[in-house]
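Let me begin by presenting the structure, written as structure tokens, before commenting on it.
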Amino acid sequence: MRTVVDLTHCQGYAQCVFLAPKVFQLHGEEGLLYAPAVPDDQAERVRQAAAACPVQAILLGEEVSVDGR
Amino acid sequence: MAGDLRDGRIVIIGASLAGLRAAEALREEGFTGSLTVVGDEPHPPYDRPPLSKQVLLGLVAADSTGLPMRRDPDAEWRLGVRATGLDPLGKRVLLADGESVPYDRVLITTGTRARPWPKAEEAALDGVFTLRTREDAGGLAERLAAGPRRVLVIGGGFTGSEIASACRERGLDVTVAERGPAPLVGALGGTLSKLAAVMQRNHGVDLRTGVTVTTLRGDGSGRFSGAELSDGSRVEADVCVVALGAVRNVEWLADSGLAAGPRGIACDAGCRAFNMYGIVTDDIFVAGDVSRFPHPLFGYQMLSLEHWGNAVEQAEVAAHNMVNPGPLRRPHLALPTFWSTQFGLNIKSVGVPTFSDHVVIAQGSLEARRLAMVYGYQGRVTAAVTVDMAKSLDYYRHLIETAAPFPPPPGAADRAIAADIPVPSDVPDPKGLSHGPTVALTGYLPDRRLTVVQPRG
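Protein chains in written order, with the working numbering: chain A, 313 to 381; chain B, 10 to 466.
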């Protein structure tokens, strides 16, 4: 699973940091850094973080498969 | 008619953020025809903002920033092959491998590349980097992890400043050389650029302003060893990052007849490309960093934005307009928005700070390193920048969208006196800076009725 945070919308509420601290971390007061490649054992926590984000800035999904069709 | 537009052949040229989001949006809009995405990089779409932050800090690997799909766009991905031309009459995209792809409608999202160091021989020295691609970031992160004596960053724009911040956080000595009077001055104007300079120096950056780097030196065996500056000084360093801004990927369109130039491809508010006579096309669309579009809030000047959020928003508008007939089309009116994380501060911007004559600090203060600065132009709010005050930004977005008077009315400020005293925004001519602007006002010159065609070769 991959994640990307829309940091133009992120307001630093940091709910994701509490729910999935291995993937999301605050850098300073409100700068968010995250690991785009979500480890399998963190997937559930990241789903919860995405659901809890007050501005719904966290997107989850699979990476594009190069084989395509 | 609408039924026809939802079928047929669409080709997207450029497989990064804008290309991916457009491909997804086309399917969401009901497009059932064939979709091909061409990308010159061999990788599936990946995210670039982490490359100058998490990746350089060594927190995540450079090849781990692949973008998630919102939905599978069911596209044929032609990755690792460059588009070399566009034949608008024959309606074909020409590829570097000699093939061509026919289209009914085409979307150009070829973005930008890093502006290289102008002297190719010096740029080829081992240890000299630019930062745009996954490979750039991986190579640079490796060098930073190896513990160089010093890193030289040429250019004090957002990318250069973020690189310097990552270096300091890793405990590396770093010099930033900027031709302008301060870092970020081209994007944020005089007052905030002074804060940026203070933050850099407080964090131990050897910041040199008002200088240019004249020569990159090798050690005789092809390794970068230092640079000479215009003030006669010399910087000894093992790694050099050239952060001089971006170049738009438009050269491949030189024979296409489109209005494509160094500032991007001109398009209308509906993302339709103009040809070089200023006549709008109806089957060639543009989105993302490579586009140049008019915005009513900024005097209908053509804007070139190198912003993540603009790539997303404009791609969605372009996709909508590609599969809908004229009266149902939407304009791209989103306000420019960007962010940067550096030296422990979160800087966010909405509007166009360079479209301003005065600024006020409406909340917080420079001393607190926490503030909201409002930019005004001829008595109207045109932009706002927050430092560690992101939650306030939406309020100012509303002021900009409603053309609120400047200085902002009571209620916008927690420090009435500061808000009453606008100071000049002090936005310099971009020509005097090392770093390219990430928001460029590219002019609207109604008196210029001439089209100058200068064919290559």
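We treat Cβ as the ideally placed atom computed from N, Cα and C, and that holds for glycine.
Considering only DSSP beta bridges, list what residue i is partnered with.
i       : result
F138(B) : V250(B)
N258(B) : Beta-bridge pairing links N258(B) to no other residue.
D215(B) : T184(B)
F294(B) : L116(B), R281(B)
H339(A) : G343(A)
P53(B)  : None; P53(B) has no bridge partner.
Ordered along the chain, which non-local residues of its own chain (more than five positions away) have a Cβ less than 6 angstroms from that of residue i?
i       : result
T467(B) : Chain B is shown only over 10 to 466; residue 467(B) falls outside these bounds and no answer can be derived.
A412(B) : R389
H6(B)   : Shown here, chain B extends from 10 to 466; a query on residue 6(B) therefore has no answer.
C322(A) : L344, A369
A123(B) : T139, R141
L371(A) : V316
V248(B) : G136, R152, P157, V160
F40(B)  : R15, V332
R91(B)  : D49, A105
G17(B)  : G42, D113
L515(B) : Any question about residue 515(B) goes unanswered here, given that chain B covers just 10 to 466.
F352(B) : S174, M208, H212
A347(A) : V335
T226(B) : Just to set this straight, residue 226(B) is Arg in the shown sequence, not Thr. Contacts found: S234, G235.
V220(B) : A186, L238, S239, D240
If the criterion is Cβ atoms closer than 8 angstroms, does the pair residue i and residue j meet it?
i       : j       : result
R357(A) : L338(A) : no
I19(B)  : Y112(B) : yes
N255(B) : L262(B) : Position check: residue 255(B) holds Ala in this sequence, whereas Asn was assumed. Cβ distance not < 8 angstroms, so A255(B) and L262(B) don't count as in contact.
M78(B)  : E33(B)  : yes
R179(B) : L153(B) : yes
V64(B)  : A132(B) : no
A150(B) : A71(B)  : yes
L35(B)  : A328(B) : yes
T118(B) : G23(B)  : yes
A324(B) : A296(B) : yes
T45(B)  : E108(B) : no
D366(B) : P417(B) : no
D435(B) : G273(B) : no
D292(B) : V110(B) : no
For residue i, name the three-state secondary structure that DSSP assigns.
i       : result
Y4(B)   : Residue numbering for chain B in the displayed model covers 10 to 466; residue 4(B) lies beyond these limits and cannot be assessed.
G199(B) : helix
C176(B) : helix
C322(A) : coil
D352(A) : helix
R91(B)  : coil
R457(B) : Bear in mind that a pLDDT of 45 at R457(B), under 50, signals an unreliable position, so the number given afterwards is only what the model happens to contain. Coil.
T221(B) : coil
G380(A) : Residue placement at G380(A) is flagged as unreliable, the pLDDT there being 44, under the threshold of 50; the coordinate-derived value follows with that caveat. Coil.
R210(B) : helix
E325(B) : helix
Q63(B)  : coil
K289(B) : Contrary to the premise, residue 289(B) reads as Val rather than Lys in this sequence. Reduced to three states, the DSSP call for V289(B) is strand.
L337(B) : helix
V299(B) : helix
R281(B) : strand
A361(A) : helix
M10(B)  : Because M10(B) sits at a pLDDT of 48, beneath the cut-off of 50, its placement in the model cannot be relied upon, and the point is left open.
V194(B) : helix
P433(B) : strand
P439(B) : helix
R467(B) : A question about residue 467(B) goes unanswered here, because the residues of chain B that appear run from 10 up to 466.
L314(B) : strand
R30(B)  : helix
A347(A) : coil
S25(B)  : coil
R36(B)  : helix
V332(B) : coil
E171(B) : helix
P305(B) : helix
L331(A) : helix
Could you pull out every residue in the same chain whose Cβ sits closer than 7 angstroms to the Cβ of residue i, ignoring the five residues on either side in sequence?
i       : result
D264(B) : G94
P366(A) : Y325, Q327
N284(B) : G266, L267, A268, T290
R406(B) : L344, V359
V214(B) : A173, R177, V183, V185
E410(B) : L344
L375(B) : L204
G231(B) : L134, D135
Between which residues of its own chain and residue i is the CB-CB distance below 8 angstroms, once the five residues before and five after are set aside?
i       : result
T121(B) : R141, A255, V256, R257, N258, D298, V299, E315
V251(B) : A123, R124, P125, W126, A132, V137, F138, T139, I163, G164
Query - 4-residue-minimum alpha helix (DSSP H) runs that sit fully inside the segment 96-163 of chain B, ordered along the chain - result: 129-132, 143-154
Enumerated in chain order, which unbroken segments of the beta strand (DSSP E) with a length of 3 residues or greater are wholly contained in the segment 339-410 of chain B? 346-351, 354-360, 367-374, 379-386, 389-396
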